[in-house]
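Engineer: Here the protein sequences come in this chain order: H and A.
Numbered per this note's numbering, the first sequence finishes at 334, counting up by one with no gaps.
Numbered per this note's numbering, the second sequence finishes at 654, counting up by one with no gaps.
No residue lacks a Cβ here, since even glycine has one placed at the ideal position from N, Cα and C.
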Amino acid sequence: MIAKILRIFRRDALVATRDSMLILIIAMPIALAVGILLFAPGITDSSVRIGLLKDDGAEHIAFMENYAQVELFGSVQELERRVNKRDEIAGMVFMDPGYEIIVQGDEDPGLLNYAKFLNSLFTLGITREDATAQMLSFEKTVPPLKTKLVNMLILMMIMLAGMIISLGIVEEKADNTINAINVTPVSQNGFIVGKSLLGVVSTLGSIVVSLLILGYRDIDWLMILLVGLTSMMLTFIVGFLQGLGSDDVIAAAAGVKMTMLPIAGSIAGYELLAERWQWTMYWSPFYWAYKANDLILSKRADWPTVLVCVGLVLGISMLIFIMAMPKIRKGLS
Amino acid sequence: MITVRNLSHSYSKDGKMAVNDISFEIERGETFGFLGPSGAGKSTTQGVLTGLLKLQKGEVTVAGYDLNKVRNERFNKIGVSFEQSNVYSKLTALENLKYFADLFDVPTRDPHELLALVGLEGREKDRAGSFSKGMKHRLTFARSMINRPELWFLDEPTTGLDPAIAATIKDIIKEEKAKGTTTFLTTHNMYIADELCDRVAFIIDGEIRLIDTPRNLKQRFGQKLIEVEYIADSRPVKETLKTIDDGDRRKLAGIVTSYDIVTMHSKEATLEEIFIQVTGRGLL
């Protein structure tokens with residue numbers, strides 16, 4: 002049966018190379034990953050940036066270069082324009098009797114505190130040699146904005162897995178080939194698994210390639226792939242149901258896109274709801290997937306927490322799977 | 371090869387039966403025709419026998435497998451050619467056959483040979499989506515032979531084909547019969563049934579009215595007829611007269627002596643005429 006399942010996957014993969022919509026769906030996440038990399042300058046860089054004037058004292062510039070990435074500007078106006086850009090940088094301008102810190106206003110408090118801290122050290126003439134403490138960590142090993150964007154990208158890829166399955170089923174329906182498969186020794190379960198494989202392989206592949214492009218080489222890959230695989234289960238169910246219930250590609254794609262609603266709601270709930278209201282999102286497997294991914298991408302995940310999230314994703318998805326399976330089986334008969 | 375006992379099937383819960391308590395047997399190597407008009411229950415019966423429809427009531431064994439115990443391996447022995455062609459548009463003719471060949475557990479036929487057999491040689495690398503309706507139908511027919519079936523279900527195998535291709539298809543069916551393949555032929559084309567089938571069953575309103583060989587049916591129900599066309603009052607007149615009816619025989623003698631005969635043919639009753647006689651309904 003495994004050979005037959007793989008044969009179904011190989012056929013689907015061949016058809017995918019001949020279907021512009023499928024090519025687009027598979028390639029789009031990679032393009033978005035490149036987009037995040039290109040159009041969000043600085044989010045891959047977690048070091049602190051300090052903007053100084055070129056005519057600032059050499060001693061001050063050298064001191065700051067020890068502790069931050071320093072950018073030099075010809076005038077206060079140039080420095081202000083730089084500070085007003087999207088990424089985080091703190092400007093320092095000497096205004097007698099001391100330095101004034103220029104910020105945009107929406108920076109991470111950590112950056113402002115760090116800039117103030119450096120300024121105090123310089124003003125007081127304290128150097129590394131005078132330090133008695135070992136380390137001060139703000140626990141910002143990975144930029145939070147980047148983590149959120151990448152996490153959203155992963156959930157979008159998972160939604161696209163459902164769309165790939167849905168389009169595959171619509172193709173079978175349009176060509177009237179489900180009956181032809183039903184009179185071969187391939188079991189219905191084998192067919193369902195075979196038709197799901199392209200979604201699984203292409204999505205896990207897209208996740209890996211996107212994370213590599215975005216510089217997440219040292220995350221726990223097993224964790225991220227496990228969360229990806231389990232959270233795909235629900236989109237598979239939606240993919241099969243939409244494929245079987247739709248007569249054309251557009252209707253199927255539109256139906257699967259509705260999955261974005263619980264995905265977007267889960268992300269919004271996780272990010273915006275107060276801690277005491279978080280329980281209102283516990284029903285959504287995407288909430289747990291987003292939470293697990295957030296921990297993994299920011300390198301704060303441990304196996305017990307990830308396994309709890311995976312278990313909840315699986316449990317909720319299984320309930321929906323049990324309810325949906327009779328309808329899927331009937332549609333494939 | 372097929373045993374059906376008291377098979378009933380309904381699509382609704384109101385007690386209306388699409389197939390009602392039918393029973394028949396088909397011997398190994400036999401070509402069995404299932405004749406009836408649209409909605410008579412032909413497709414439902416074939417759907418149950420091929421496993422596409424769940425067996426609701428009755429006892430059915432197909433190729434040695436009891437349909438109450440679902441075993442997909444039985445499809446290794448079965449080939450099904452559907453009335454509505456069903457091939458992958460985005461795959462070439464050759465890829466279609468190779469794909470299905472890989473889904474069986476038994477030695478399969480060479481796809482090139484099958485494509486040549488149905489007149490699709492030279493079109494192996496063309497995508498099925500670019501094929502005409504007739505070509506898709508031939509590809510569907512070729513696919514049904516890929517696993518060298520012992521039992522072959524054919525649903526309207528020549529519908530929509532031009533006469534030359536239809537003749538080729540009929541020849542293939544005869545060749546397979548000569549090899550010992552059992553064929554279950556569903557059709558409303560009485561000429562095909564008459565030419566190919568060892569026995570035919572007439573089904574109407576979900577019930578089998580009669581099962582026999584075409585020859586026996588003609589002997590039992592057929593009447594020798596004479597079709598005569600003659601000129602009367604400068605106008606052509608056409609009449610069909612029974613040779614066993616005294617009145618018709620006298621009338622025929624009168625026509626021959628009194629009018630100019632244009633054409634005159636003796637004619638056997640067709641299966642369609644016998645079907646109408648038995649069921650009171652036409653095949654279309």
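#1: Rounding to the nearest angstrom, what Cα-Cα distance links residue 579 of chain A and residue 536 of chain A in this structure?
#2: Below 9 Å between beta carbons: does that hold for residue 177 of chain H and residue 647 of chain A?
#3: Return the chain-ordered list of same chain residues with a C-beta closer than 8 Å to the C-beta of residue 72 of chain H, the five sequence neighbours on each side being excluded.
#4: For residue 45 of chain H and residue 244 of chain H, I'd like the C-alpha separation in whole angstroms.
#5: Select from the region 440-457 of chain A all residues with a C-beta closer than 7 Å to any C-beta belonging to chain H, and list them in chain order.
#6: Report the residue from H:67, H:6, H:29 and H:12 whose alpha carbon sits nearest the alpha carbon of residue 127 of chain H.
#7: Out of H:63, H:145 and H:74, state which residue places its alpha-carbon closest to the alpha-carbon of residue 88 of chain H.
#8: Between residue 563 of chain A and the rest of its own chain, which residues show a CB-CB distance below 8 Å, the 5 nearest in sequence each way excluded?
#9: From the DSSP secondary-structure annotation, give me the bridge partner or partners of residue 450 of chain A.
#10: Tell me, please, whether the CB atom of residue 15 of chain H is closer than 9 Å to any CB atom in chain A?
#11: Which residues in chain H have a C-beta closer than 7 Å to the C-beta of residue 503 of chain A? List them in chain order.
#12: Which residues of chain H have a Cβ atom closer than 8 Å to the Cβ of residue 472 of chain A, listed in chain order?
#13: Taking only three categories from DSSP, how would you classify residue 203 of chain H?
#14: Counting contacts by CB-CB distance shorter than 9 Å, is residue 461 of chain A in contact with chain H?
#15: Of all the CB atoms in chain A, is at least one closer than 9 Å to the CB of residue 248 of chain H?
#16: At the level of alpha carbons, what is the spacing between residue 92 of chain H and residue 55 of chain H?
#17: Name, please, each residue of chain A whose Cβ falls closer than 7 Å to the Cβ of residue 186 of chain H.
#18: With 16 as the cutoff for other CB atoms within 10 Å, does residue 586 of chain A come out buried or exposed?
#19: So the beta strand (DSSP E) residue 390 of chain A belongs to, where does it begin and stop?
#20: Take residue 655 of chain A as the anchor and find which of A:594, A:615 and A:630 has the nearest alpha-carbon.
#21: For residue 447 of chain A, which residues in the same chain have their Cβ closer than 7 Å to its Cβ, ignoring the five residues on either side in sequence?
#22: Could you name the residues of the same chain whose beta carbon sits closer than 6 Å to that of residue 609 of chain A, not counting the 5 residues immediately before and after it, in chain order?
#23: Of the residues that make up the region 624-650 of chain A, which ones have a beta carbon closer than 9 Å to any beta carbon in chain H?
#24: Given this structure, state the Cα-to-Cα distance separating residue 98 of chain H from residue 38 of chain H, to the nearest angstrom.
#25: What are the start and end residues of the beta strand (DSSP E) that includes residue 579 of chain A?
#26: Under the DSSP definition of a beta bridge, which residues are partnered with residue 637 of chain A?
#27: Could you pull out every residue in the same chain whose Cβ sits closer than 8 Å to the Cβ of residue 582 of chain A, ignoring the five residues on either side in sequence?
#28: Out of H:189, H:24, H:217 and H:125, which one is the CA nearest neighbour of residue 2 of chain H?
#29: Can you check which of these residues, H:283, H:147, H:221 and H:300, is closest to residue 263 of chain H by C-alpha distance?
#30: Quick check on the burial criterion: 16 or more other C-beta atoms within 10 angstroms. Buried or exposed for residue 327 of chain H?
#31: In the DSSP output, what is residue 292 of chain H paired with across the bridge?
#32: For residue 237 of chain H and residue 333 of chain H, which I take to be in contact (beta-carbon distance under 8 Å), what is that distance rounded to the nearest angstrom?
#33: Who are the Cβ neighbours of residue 547 of chain A in its own chain at under 8 Å, not counting the five residues just before and after it?
#34: Leaving out five residues before and five after residue 396 of chain A in sequence, what residues of the same chain have Cβ atoms less than 7 Å from its Cβ?
Structural biologist: So, from the listed chains and residues:
#1: Computed Cα separation, rounded: 29 Å.
#2: No, the Cβ-Cβ distance between residue 177 of chain H and residue 647 of chain A is not below 9 Å.
#3: So the list reads 50, 51, 52, 53, 83 and 90, once near-sequence residues are dropped.
#4: Low confidence applies here, because residue 45 of chain H scores a pLDDT of 47, under 50, leaving its location unreliable and the question unanswered by this model.
#5: Residues passing the 7 Å Cβ filter: 442, 443, 445, 446, 448, 450, 452, 454, 456 and 457.
#6: The residue with the shortest Cα to Cα distance from residue 127 of chain H is H:67.
#7: Between residue 88 of chain H and the set H:63, H:145 and H:74, the nearest pair of CA atoms involves H:145.
#8: Excluding positions up to five away in sequence, the list reads 403, 405, 555, 557, 570, 584 and 641.
#9: Among the bridge pairs identified by DSSP, residue 450 of chain A is matched with A:523.
#10: Put simply, the CB of residue 15 of chain H is near chain A, with a gap under 9 Å to one of its CB atoms.
#11: For residue 503 of chain A, there are no C-beta contacts with chain H under 7 Å, since the nearest C-beta of that chain is about 13 Å from it.
#12: By Cβ distance, chain H contributes 4, 5 and 8.
#13: Reduced to three states, the DSSP call for residue 203 of chain H is helix.
#14: Yes, residue 461 of chain A lies at the interface with chain H (some Cβ there is under 9 Å from its Cβ).
#15: Between residue 248 of chain H and chain A, the shortest Cβ-Cβ separation is not below 9 Å.
#16: C-alpha separation (whole angstroms): 12 Å.
#17: Going along chain A in sequence order, the residues near residue 186 of chain H (Cβ under 7 Å) are 442, 443, 445, 446, 473, 474 and 475.
#18: Exposed, by the Cβ-count rule.
#19: Residues 389-396.
#20: Outside the displayed range of chain A (371 to 654) lies residue 655 of chain A, so it cannot be described from this structure.
#21: Closer than 7 Å at Cβ, skipping near neighbours: 433, 519, 520 and 521.
#22: Excluding residues up to 5 positions away in sequence, 598 lie with their Cβ nearer than 6 Å to the Cβ of residue 609 of chain A in the same chain.
#23: The region 624-650 of chain A vs chain H, Cβ under 9 Å: nothing.
#24: About 41 Å.
#25: Counting along the chain, the unbroken beta strand (DSSP E) around residue 579 of chain A starts and ends at 577-582.
#26: Checking the DSSP bridge columns, you'll see residue 637 of chain A partnered with A:595.
#27: Taken in chain order, the residues that qualify are 569, 570 and 590.
#28: When only C-alpha atoms are compared, the closest one is H:189.
#29: Considering only alpha carbons, the answer is H:283.
#30: Taking a 10 Å sphere around the C-beta of residue 327 of chain H, we find fewer than 16 other C-beta atoms and assign the residue as exposed.
#31: Residue 292 of chain H pairs with nothing; no bridge assigned.
#32: At roughly 14 Å, the Cβ-Cβ gap does not stay under 8 Å, so residue 237 of chain H and residue 333 of chain H are not in contact.
#33: So the list reads 399, 401, 553 and 566, once near-sequence residues are dropped.
#34: Excluding sequence neighbours, residue 396 of chain A sits near 371, 372, 402, 552 and 554.
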